[in-house]
Each structure stands twice: as C-alpha cells, then as structure tokens.
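Visitor: Below you will find the structure I want to go over with you.
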Amino acid sequence: MQVNIITSVVAGQETAKAANVQAFMDALSEQLGKDFTVTLDTDYGQSLTDHRADVYLVYFGSQANLSPEQRSQMIIFYSDEDVDNLNTGRFVDMLQQLNKQA
C-alpha cells in the first residue's frame, strides 16, 4: 500500500519542520512493515492531483486548500502534535485496517 505524507506551506512557511516530518515518516515506515511504502510528498499535494498513492496523510491545517477532487481521495489528517511527538499509533492502526480491506 502506497502512503504519501503531504506537508503544507502557509504564508511561505513550512507548517511542520522537515526533520520532524522525516522522523515521523521513518517511525511509521518501521511500524507498518514491508507491505507499506511511505513517502514524503514535497511538492505540497501534487500527488493528490496525480493519484499516486492509496492513502494520503495530509497536514490538518491545509484542508481548506484541498480541491473537491482532492478531498474525494482517502485522506487521514495529521497535526503538528502528531509529528512533534511521533504519535504514530492511530495512523498505524488505521492504515493496517485499510490494507486488510483492500
């Protein structure tokens, strides 16, 4: 299952620190195992338009910027707190359940 983590830029500033997002992504990858490919979408949502993933983890603050077409895809929102504290448990649980249903 392909999972893309999408960051956001608001007023020219990244909303989550790149190092923290990388650590969050690494922790997710490690816990999810080989059935999942977790990548960071550094073009701020282009993969949502290109439909390059099965599931998208999208920064909560950027939801207003999503088009109706982008919103129609499988999106799970994350927050700064999730990233900063490496809160991966709920994401791992949801993604594993989605993978079983696929």
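Residue numbering for the sequence shown follows my numbering, starting at 59 and increasing by one per position.
No residue lacks a Cβ here, since even glycine has one placed at the ideal position from N, Cα and C.
#1: Output yes if chain D places a C-beta closer than 8 Å to the C-beta of residue 145; else output no.
#2: Please return the same chain residues whose Cβ sits closer than 6 Å to the Cβ of residue 62, not counting the five positions on each side in sequence.
#3: Nearest-angstrom Cα distance between residue 84 and residue 125?
#4: Helix or strand or just coil, what does DSSP make of residue 62?
#5: Exposed or buried, residue 90, counting other C-beta atoms within 10 Å across all chains shown (16 or more means buried)?
#6: When the Cα atoms are used, what is the spatial distance from residue 88 to residue 118?
#7: If we ignore side chains and look at the alpha-carbon of each, how far apart do residue 79 and residue 141 end up?
#8: Is DSSP giving residue 112 helix, strand or coil here?
Guide: Reading off the structure:
#1: The question asks about chain D, but that chain is absent: this structure has only one protein chain.
#2: Taking the first residue of the sequence shown as position 1, residue 62 is located at position 4. Within the same chain, residue 62 has close Cβ partners 97, 99, 105, 111 and 114.
#3: Counting from one through the sequence shown, the residue named residue 84 turns up at place 26. Counting from one through the sequence shown, the residue named residue 125 turns up at place 67. Whole-angstrom Cα-Cα distance: 28 Å.
#4: If you number the sequence shown from 1, residue 62 lands on position 4. Looking at residue 62 - three-state DSSP - the assignment turns out to be strand.
#5: Counted from its first residue, the sequence shown places residue 90 at position 32. Buried, because 16 or more other Cβ atoms sit within 10 Å of the Cβ of residue 90.
#6: Sequence index remark: in the sequence shown, residue 88 carries index 30 (1-based). Sequence index remark: in the sequence shown, residue 118 carries index 60 (1-based). Distance between the alpha carbons of residue 88 and residue 118 is about 23 Å.
#7: Numbered from its first residue, the sequence shown carries residue 79 at position 21. Numbered from its first residue, the sequence shown carries residue 141 at position 83. Roughly 6 Å separates the two Cα atoms.
#8: Taking the first residue of the sequence shown as position 1, residue 112 is located at position 54. Residue 112: coil per DSSP, three-state reduction.
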